Structures are given as structure tokens and as C-alpha cells.
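**Student:** Quick one: structure below, then a few questions.
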Amino acid sequence: MASPVSLDNPLFARIWIFMSSHETDWLRDRRRENLEGLSGRVLEVGAGTGSNFGFYPETVTEVVAVEPESQLREVATAAAAEAPVPVTVLASTVEALDETQPFDGIVCSLVLCSVEQPEEVLRQLFALLKPGGQLRYFEHVASRGARGGLQRLADATIWPKLFGNCHTHRDTEQMITDTGFTVQTSRRGYQFPAWAPVPVSEFALGAASRPA
Ligand SMILES: C[S@@+](CC[C@H](N)C(=O)[O-])C[C@H]1O[C@@H](n2cnc3c(N)ncnc32)[C@H](O)[C@@H]1O
Numbered sequence: 123m124a125s126p127v128s129l130d131n132p133l134f135a136r137i138w139i140f141m142s143s144h145e146t147d148w149l150r151d152r153r154r155e156n157l158e159g160l161s162g163r164v165l166e167v168g169a170g171t172g173s174n175f176g177f178y179p180e181t182v183t184e185v186v187a188v189e190p191e192s193q194l195r196e197v198a199t200a201a202a203a204e205a206p207v208p209v210t211v212l213a214s215t216v217e218a219l220d221e222t223q224p225f226d227g228i229v230c231s232l233v234l235c236s237v238e239q240p241e242e243v244l245r246q247l248f249a250l251l252k253p254g255g256q257l258r259y260f261e262h263v264a265s266r267g268a269r270g271g272l273q274r275l276a277d278a279t280i281w282p283k284l285f286g287n288c289h290t291h292r293d294t295e296q297m298i299t300d301t302g303f304t305v306q307t308s309r310r311g312y313q314f315p316a317w318a319p320v321p322v323s324e325f326a327l328g329a330a331s332r333p334a
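Heads up, the sequence shown stops at 334 in this note's numbering, and the numbers go up one at a time, no gaps.
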């Protein structure tokens with residue numbers, strides 16, 4: 123079955139527009155860190171409201187950003203006009219992206235939790251990246267112990283419905299490695315204090331290359 127081009131979700135769009143207009147300095151710093159050192163032509167997957175756009179370094183010559191949700195895309199398109207580098211926002215899922223020219227870099231932030239088939243998407247991203255190019259990722263990931271249990275419960279109930287198909291218990295970094303990427307730098311951390319019962323606290327931030 124062909125992948126849909128649009129994934130409209132008005133409730134999630136309203137929630138995300140609110141959340142992304144109230145981002146903390148901590149989150150903005152992680153976004154900046156995820157993009158540091160990128161250069162050339164970059165694909166951004168599921169750009170949301172364009173929260174990353176202001177942080178692209180000037181060594182990036184072009185950003186092609188896909189965003190399948192129409193309300194989010196409208197906000198992202200306005201953000202693109204203010205970005206320090208040229209950004210084009212396309213109405214498409216990443217699966218339906220019609221692109222044959224490989225990219226120097228690919229950026230995923232808070233999105234591999236939301237795509238329907240993360241392994242398939244990662245295989246596609248591998249193919250879309252030039253050999254030697256980098257996948258940058260800032261993603262919340264599966265935790266162990268009690269938080270892992272909370273994540274499984276959240277994923278089986280309300281969380282994906284409220285947050286645009288977000289699944290909190292994905293072992294995203296393992297999937298990145300299994301796809302054939304070589305992880306070059308990676309660190310784990312927590313966005314919230316250990317006692318806070320938040321399923322999306324643990325994150326992975328890293329750079330993985332497609333072997334040359
Ligand atoms: C939680 S938001 C994160 C947005 C943005 N990446 C950020 O860092 O703020 C998840 C985004 O993924 C997008 N998305 C979901 N499935 C997608 C797909 N198959 N292809 C591209 N984007 C997708 C949603 O529309 C949404 O904008």
C-alpha cells in the first residue's frame with residue numbers, strides 16, 4: 123500500500139503548537155547540539171513547527187524539511203522564512219518523499235517515536251544519505267525498570283492517541299545500529315528528575331554515519 127502524503131491530526135497539532143511555543147532552554151540547547159557541525163544539504167524528517175530551523179549552522183546550504191500535518195506545516199513554513207539558512211518545507215511523510223538526490227545529513231528529532239514503521243523509515247534514511255553522511259538524532263527512548271513499565275502502559279493506552287502516534291518505549295538507537303549506521307557519538311540523559319513519572323524522560327542524542 124502506498125504511504126500517505128498527509129497525516130492530519132488536529133488535536134495533536136494544537137497540543138504540539140502549544141508545547142513547541144513553550145520550549146525550555148534545556149530543550150533548545152539539545153536542538154542546537156543535535157545540529158552542530160552539519161554541512162551541505164540536509165533532510166529534516168517531520169519538522170513539526172520548525173523548532174529546529176533557527177539552530178542550523180551556516181555551513182548548511184539547504185534544508186529540505188518534510189511535515190505531513192497541515193497545521194504544523196503552516197507554522198513550520200513561517201519559521202522557515204526566518205531561518206538562518208534556506209529551508210523548504212514539503213507536504214509529505216518521509217515514506218512518500220520523492221527524492222533521488224542523496225543528502226549530506228539527515229536530522230531526526232522527536233520523530234522516530236511517531237513514524238508507523240521505524241525500521242522501514244531508517245532503511246529509507248540510510249538509502250537517502252550519502253556514504254559518509256551523518257544521521258543526527260535526538261529522540262526519547264525506551265527505559266528499563268519502572269519507567270519502562272510506565273512506557274509500555276502509556277503506549278498501550280492514551281499516549282499515541284494524544285501525541286500524534288508517539289511511542290515511548292522504542293529502542294531507537296538499537297534500530298539505528300541494526301539498520302547499518304555506525305554510531306559515532308552518543309549520549310543518554312534524562313529530561314526530567316528521576317522521580318517524575320514521565321514516560322518521555324530518557325533521551326538519546328547522537329550522530330551515526332552511513333559507512334563510506
Ligand atoms: C513530536 S513531533 C516532533 C516535531 C519536530 N521533529 C520537533 O523536533 O519538534 C513529531 C512529528 O513527526 C511528524 N511525523 C509523524 N509521522 C511522520 C512521517 N511518517 N513522516 C514525516 N513526519 C512524520 C508529525 O507530523 C510531527 O510533526
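Cβ atoms here follow ideal geometry from the backbone N, Cα and C, with glycine treated the same way. Model, not experiment: these values are computed from the prediction.
Could you spell out where the beta strand (DSSP E) holding Ala-205 opens and where it closes?
**Tutor:** Element bounds for Ala-205: n/a, residue is neither H nor E.
**Student:** How about Val-237: is its Cβ closer than 7 Å to a heavy atom in ligand 1?
**Tutor:** yes
**Student:** Would you mind working out which of Gly-172, Glu-155, Pro-224, Val-216 sits nearest Pro-208, comparing C-alpha positions?
**Tutor:** Gly-172
**Student:** What's the C-alpha gap between Phe-134 and Met-141?
**Tutor:** Whole-angstrom Cα-Cα distance: 10 Å.
**Student:** Could you check whether the region 256-272 touches the region 287-298, counting it as contact only if at least three pairs of C-beta atoms, one from each stretch, sit closer than 8 Å?
**Tutor:** yes
**Student:** Skipping 5 residues on each side, what residues in its chain have a beta carbon closer than 6 Å to that of Leu-101?
**Tutor:** Past the edges of the chain, shown from 123 to 334, lies residue 101, and the structure says nothing about it.
**Student:** Cβ atoms of Ser-128 and Ser-192: under 8 Å apart, would you say?
**Tutor:** yes
**Student:** Pop quiz: Val-216 and Val-186 are said to be a contact at Cβ under 8 Å. What is the actual Cβ separation, rounded to whole angstroms?
**Tutor:** Wrong, their Cβ atoms sit about 11 Å apart, outside the cutoff.
**Student:** Smallest Cα separation from Val-305: which of Pro-179, Phe-248, Trp-317, Glu-145?
**Tutor:** Phe-248
**Student:** In chain order, what are the residue ranges of uninterrupted beta strand (DSSP E) at least 3 long that sit wholly in the region 138-164?
**Tutor:** Correct list: empty.
**Student:** I'd like the ranges of any beta strand (DSSP E) spanning at least 3 consecutive residues and lying wholly in the region 269-300.
**Tutor:** none
**Student:** Note down, in chain order, each residue of its chain lying with its Cβ closer than 7 Å to the Cβ of Asn-174, except the 5 sequence neighbours on either side.
**Tutor:** Setting aside the 5 residues that flank it on each side, Asn-174 is surrounded in the same chain by Arg-153, Leu-157, Glu-166, Val-229, Ser-231, each with a C-beta closer than 7 Å to its C-beta; the list follows chain order.
**Student:** I think Gln-90 touches Ala-326, with their Cβ atoms under 8 Å apart; what is that distance to the nearest whole Å?
**Tutor:** In the structure as shown, the chain starts at 123 and stops at 334, and residue 90 therefore has no counterpart that could be examined.
**Student:** Going by alpha carbons, who is nearest to Pro-253 out of Tyr-259, Arg-332, Ser-161?
**Tutor:** Arg-332
**Student:** Is the beta carbon of Pro-240 closer than 8 Å to that of Ser-214?
**Tutor:** no
**Student:** Using CA atoms only, rank isn't needed, just tell me which of Glu-295, Arg-269, Arg-310, Phe-225 is closest to Val-164.
**Tutor:** Phe-225
**Student:** Could you tell me which whole alpha helix (DSSP H) segments of length 4 or greater appear in the region 211-254?
**Tutor:** 240-250
**Student:** Counting along the chain, where does the beta strand (DSSP E) carrying Gln-313 start and finish?
**Tutor:** Where Gln-313 is concerned, there is no enclosing beta strand (DSSP E), given that its DSSP letter is neither H nor E.
**Student:** May I ask you to check if the CB of Trp-138 is nearer than 7 Å to at least one heavy atom of ligand 1?
**Tutor:** yes
**Student:** Going by C-alpha distance, which of Pro-315, Pro-282, Gly-328, Gly-267 is nearest Glu-238?
**Tutor:** Pro-282
**Student:** Are there any heavy atoms of ligand 1 lying less than 7 Å away from the beta-carbon of Leu-194, as far as the coordinates show?
**Tutor:** Annotation for Leu-194 indicates a beta carbon within 7 Å of some heavy atom of ligand 1.
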